[in-house]
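Below: the structure, in structure tokens.
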Amino acid sequence: MTNEHSIPPLRELPAGRLDARTQHLVAEITRTTEPDRGVAFSRFIGSRRRVAVIALALGLLVIGTAVAETTDWLTGSPAPESVVSDFGTYAPQLGFNPEPGRAVEVAVDGDTILYATTNKQGSYCLITSAPWKRPSTMPDGGTCIPPAQASAPLIAGLVGAKSTPDGQQTYVIAGRTTDPDARTIRFSDPSGATVTRPIGSSGFFIATILTDEGACANGDWKPTFSVLGADRQQRSSHTITLGSAPSGVPGLSCSFAAPHA
Amino acid sequence: MEPSDASLWARSRAGDTEAFALLFERHATAIYNYCFRRLGDWTTAEDMLSVVFLEAWRRREKELPDDKVLPWLYGIATNVIRNQRRSERRFAAALRRMPSPPPEATFTDGVDERLGDEKQIGRALDLLSQLPRHERDIFALCAWMELSYEDAALALGVPVGTVRSRLSRARRRLRELESATGHEECTATTVQEAPEP
Chain G
35 MTNEHSIPPL
45 RELPAGRLDA
55 RTQHLVAEIT
65 RTTEPDRGVA
75 FSRFIGSRRR
85 VAVIALALGL
95 LVIGTAVAET
105 TDWLTGSPAP
115 ESVVSDFGTY
125 APQLGFNPEP
135 GRAVEVAVDG
145 DTILYATTNK
155 QGSYCLITSA
165 PWKRPSTMPD
175 GGTCIPPAQA
185 SAPLIAGLVG
195 AKSTPDGQQT
205 YVIAGRTTDP
215 DARTIRFSDP
225 SGATVTRPIG
235 SSGFFIATIL
245 TDEGACANGD
255 WKPTFSVLGA
265 DRQQRSSHTI
275 TLGSAPSGVP
285 GLSCSFAAPH
295 A
Chain A
4 MEPSDASLWA
14 RSRAGDTEAF
24 ALLFERHATA
34 IYNYCFRRLG
44 DWTTAEDMLS
54 VVFLEAWRRR
64 EKELPDDKVL
74 PWLYGIATNV
84 IRNQRRSERR
94 FAAALRRMPS
104 PPPEATFTDG
114 VDERLGDEKQ
124 IGRALDLLSQ
134 LPRHERDIFA
144 LCAWMELSYE
154 DAALALGVPV
164 GTVRSRLSRA
174 RRRLRELESA
184 TGHEECTATT
194 VQEAPEP
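Protein sequence lines correspond, in order, to chains G and A. All letters in the first sequence, in the order written, are residues 35 to 295 by this note's numbering. All letters in the second sequence, in the order written, are residues 4 to 200 by this note's numbering.
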């Protein structure tokens, strides 16, 4: 029973799992410390500083009104409470502060729904509700888009995935165009078939793609997205890598990224 | 310069979640592998990794000697593994909130190697299971994870002398078991000496 021969070597967590576990841990410990903060705050509010707090709140209200004027671009039907709550679990240590109260439904594809909300960093955050992962049962805090990416003419990326025992893969692709006259998005799935979806509110789109083969079965999945106007004419096109095969070699391995330019 | 474990733990004790996340990233591989070597299953080991750190956060009022965070985490891991079902129940809601890995992950990360690991450690665990619990813990920490006697003592909350005697007994029993069962030499007999404290 030696170290050298009888036990396996040390291994790292599978790719991406350390990040996922870190995010999960931070979200959980933040959640557990929130009640402490609540107690501390209630004690504070009962103190003689109450007047100062009220003044501060009024000040924030004024600032908030000003900020709201700059975030009016995000429209849609109000998100359900489960989504608002889900955005509320986002770990600010990851660099973003979503504003859950502004969450709206922005795009739908069948029973898969995309929600968005603004954040204090000036961009936005996304939550996907899919049949296998609803915010009410599996909240994850969502994904936030860095401001530099959010200002790009078009971003797209993977926001969900599921495999079935018979080998079928479902990929959920979401993104946004800043073109106010865009009405439709068109791109190719991993097999080369054309995918066409309507643009939802505020330029967002979502597409659920079912395939019998992996996303990188034919090498990198790097489609060209065509943004179409109301007249169905192409207004712009953008090539974005959705899935990367290791060293460009086709196969089952494929790495993905959140929506990006 | 990287902050020391001691400073990260001090910040964690004050409620700094970012510092605790850094500790997690620093020691995740060690605890993950320890959980695997005690449980024999990589997937369960990943969940137990989270449980160990959630439990550590729950106990963050604990004062630790300088740079003894990792041995202390090994101690928590040992308790978590010993009471696996109770630990899973305590943190069931938190574990449910852990997003599942994307389907692609199952294809990408050396599945064959990990299956081989599980078979290999399964054989070692079969043998180890024939030792009394306290000797199993000591042996796993000192021989498999290469903790010093002092660190193993801190992890398990026992005197250093107890670590020495239990480890010695564990090695002797394993040699006897191996010779009785006809195990090959490489599977059981030569145990690396743990470094002296």
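Ideal Cβ positions, reconstructed from N, Cα and C, are used throughout, including at glycine.
Beta carbon proximity, residue i to chain G, threshold 8 Å
{"i": "residue 81 of chain A", "result": "no"}
{"i": "residue 200 of chain A", "result": "Low local confidence applies: a pLDDT of 37 at residue 200 of chain A is under 50, so the model's placement there is unreliable, with the coordinate-based value given in what follows. Output row for residue 200 of chain A: interface = no."}
{"i": "residue 35 of chain A", "result": "yes"}
{"i": "residue 49 of chain A", "result": "yes"}
{"i": "residue 60 of chain A", "result": "yes"}
{"i": "residue 76 of chain A", "result": "no"}
{"i": "residue 204 of chain A", "result": "Residue coverage of chain A in this structure runs from 4 to 200, which leaves residue 204 of chain A outside it and unanswerable."}
{"i": "residue 8 of chain A", "result": "no"}
{"i": "residue 154 of chain A", "result": "no"}
{"i": "residue 129 of chain A", "result": "no"}
{"i": "residue 140 of chain A", "result": "no"}
Within-8 Å CB hit, residue i to chain A
{"i": "residue 161 of chain G", "result": "no"}
{"i": "residue 54 of chain G", "result": "yes"}
{"i": "residue 111 of chain G", "result": "no"}
{"i": "residue 46 of chain G", "result": "yes"}
{"i": "residue 317 of chain G", "result": "Chain G is shown only over 35 to 295; residue 317 of chain G falls outside these bounds and no answer can be derived."}
{"i": "residue 174 of chain G", "result": "yes"}
{"i": "residue 168 of chain G", "result": "no"}
{"i": "residue 220 of chain G", "result": "no"}
{"i": "residue 231 of chain G", "result": "no"}
{"i": "residue 51 of chain G", "result": "yes"}
Proximal residues to residue i (C-beta, below 8 Å), its chain only, five neighbours per side dropped
{"i": "residue 254 of chain G", "result": "275, 277, 278, 279 and 282"}
{"i": "residue 57 of chain G", "result": "125, 128 and 175"}
{"i": "residue 157 of chain A", "result": "68, 71, 74, 75 and 78"}
{"i": "residue 138 of chain A", "result": "169, 170, 172, 173 and 176"}
Residue i: contacting residues in chain G (beta-carbon distance under 9 Å)
{"i": "residue 53 of chain A", "result": "55, 58, 59 and 62"}
{"i": "residue 123 of chain A", "result": "40, 41 and 42"}
{"i": "residue 102 of chain A", "result": "54, 57, 58, 167, 172 and 174"}
{"i": "residue 57 of chain A", "result": "59, 62, 63 and 66"}
{"i": "residue 44 of chain A", "result": "By Cβ distance, chain G contributes nothing, its closest Cβ being about 12 Å from residue 44 of chain A, past 9 Å."}
Distance, residue j Cα to residue i Cα
{"i": "residue 53 of chain A", "j": "residue 51 of chain G", "result": "11 Å"}
{"i": "residue 44 of chain G", "j": "residue 45 of chain A", "result": "11 Å"}
{"i": "residue 142 of chain G", "j": "residue 98 of chain A", "result": "29 Å"}
{"i": "residue 7 of chain A", "j": "residue 57 of chain A", "result": "21 Å"}
{"i": "residue 27 of chain A", "j": "residue 149 of chain G", "result": "31 Å"}
{"i": "residue 20 of chain G", "j": "residue 165 of chain G", "result": "Lying outside 35 to 295, the shown extent of chain G, residue 20 of chain G is not represented and no answer is given."}
{"i": "residue 108 of chain G", "j": "residue 129 of chain A", "result": "59 Å"}
{"i": "residue 180 of chain A", "j": "residue 170 of chain A", "result": "15 Å"}
{"i": "residue 81 of chain A", "j": "residue 140 of chain A", "result": "7 Å"}
{"i": "residue 292 of chain G", "j": "residue 51 of chain A", "result": "27 Å"}
{"i": "residue 72 of chain G", "j": "residue 268 of chain G", "result": "Annotation note: pLDDT 42 at residue 72 of chain G (below 50); position unreliable, coordinate value reported separately. If you take the alpha carbons of residue 72 of chain G and residue 268 of chain G, they lie about 53 Å apart."}
{"i": "residue 23 of chain A", "j": "residue 214 of chain G", "result": "44 Å"}
{"i": "residue 34 of chain A", "j": "residue 74 of chain A", "result": "10 Å"}
{"i": "residue 148 of chain A", "j": "residue 168 of chain A", "result": "18 Å"}
{"i": "residue 96 of chain A", "j": "residue 171 of chain G", "result": "11 Å"}
{"i": "residue 135 of chain A", "j": "residue 172 of chain A", "result": "10 Å"}
{"i": "residue 135 of chain G", "j": "residue 201 of chain G", "result": "39 Å"}
{"i": "residue 224 of chain G", "j": "residue 248 of chain G", "result": "8 Å"}
{"i": "residue 126 of chain A", "j": "residue 41 of chain A", "result": "12 Å"}
{"i": "residue 66 of chain A", "j": "residue 232 of chain G", "result": "58 Å"}
{"i": "residue 14 of chain A", "j": "residue 84 of chain A", "result": "27 Å"}
{"i": "residue 230 of chain G", "j": "residue 219 of chain G", "result": "6 Å"}
{"i": "residue 216 of chain G", "j": "residue 266 of chain G", "result": "9 Å"}
{"i": "residue 119 of chain G", "j": "residue 227 of chain G", "result": "37 Å"}
{"i": "residue 113 of chain A", "j": "residue 120 of chain A", "result": "11 Å"}
{"i": "residue 38 of chain A", "j": "residue 124 of chain A", "result": "11 Å"}
Cutoff 6 Å; reference residue i; Cβ partners in own chain excluding five residues on either side
{"i": "residue 211 of chain G", "result": "188, 237 and 261"}
{"i": "residue 16 of chain A", "result": "63"}
{"i": "residue 234 of chain G", "result": "140 and 141"}
Contacts of residue i in chain A (Cβ-Cβ under 8 Å)
{"i": "residue 269 of chain G", "result": "By Cβ distance, chain A contributes nothing, its closest Cβ being about 32 Å from residue 269 of chain G, past 8 Å."}
Residue i Cβ short of 7 Å to the ligand GDP heavy atom set
{"i": "residue 77 of chain A", "result": "The ligand GDP is absent from the structure shown, which contains no ligand whatsoever."}
Residues that residue i contacts on chain A, provided the C-beta gap is smaller than 9 Å
{"i": "residue 210 of chain G", "result": "None at all; the shortest Cβ gap to chain A is about 22 Å."}
{"i": "residue 266 of chain G", "result": "Per Cβ cutoff of 9 Å: no residues; residue 266 of chain G is ~34 Å from chain A at best."}
Neighbouring residues, chain G, relative to residue i (Cβ below 7 Å)
{"i": "residue 115 of chain A", "result": "Simply none; closest approach about 12 Å."}
Close-in-space but distant-in-sequence residues of the same chain around residue i (CB under 7 Å, 5 per side omitted)
{"i": "residue 76 of chain A", "result": "30, 34, 55 and 59"}
{"i": "residue 209 of chain G", "result": "188, 189, 190, 191, 239 and 293"}
{"i": "residue 11 of chain A", "result": "22, 25 and 26"}
{"i": "residue 75 of chain G", "result": "Interpretation of residue 75 of chain G is limited by its pLDDT of 44, a score under 50 that renders its predicted location unreliable; the figure taken from the coordinates is listed afterwards. Excluding sequence neighbours, residue 75 of chain G sits near nothing in its chain."}
{"i": "residue 177 of chain G", "result": "159, 160, 193 and 292"}
Within 7 Å of chain G by C-beta, residues of the segment 12-41 of chain A in sequence order: Per Cβ criterion, the list reads 18, 20, 21, 23, 24, 27, 28, 31, 32, 35, 36 and 40.
Residues, ordered as in the chain, of the segment 85-102 of chain A that lie near chain G by beta-carbon distance below 7 Å: Cβ contacts with chain G: 97, 100, 101 and 102.
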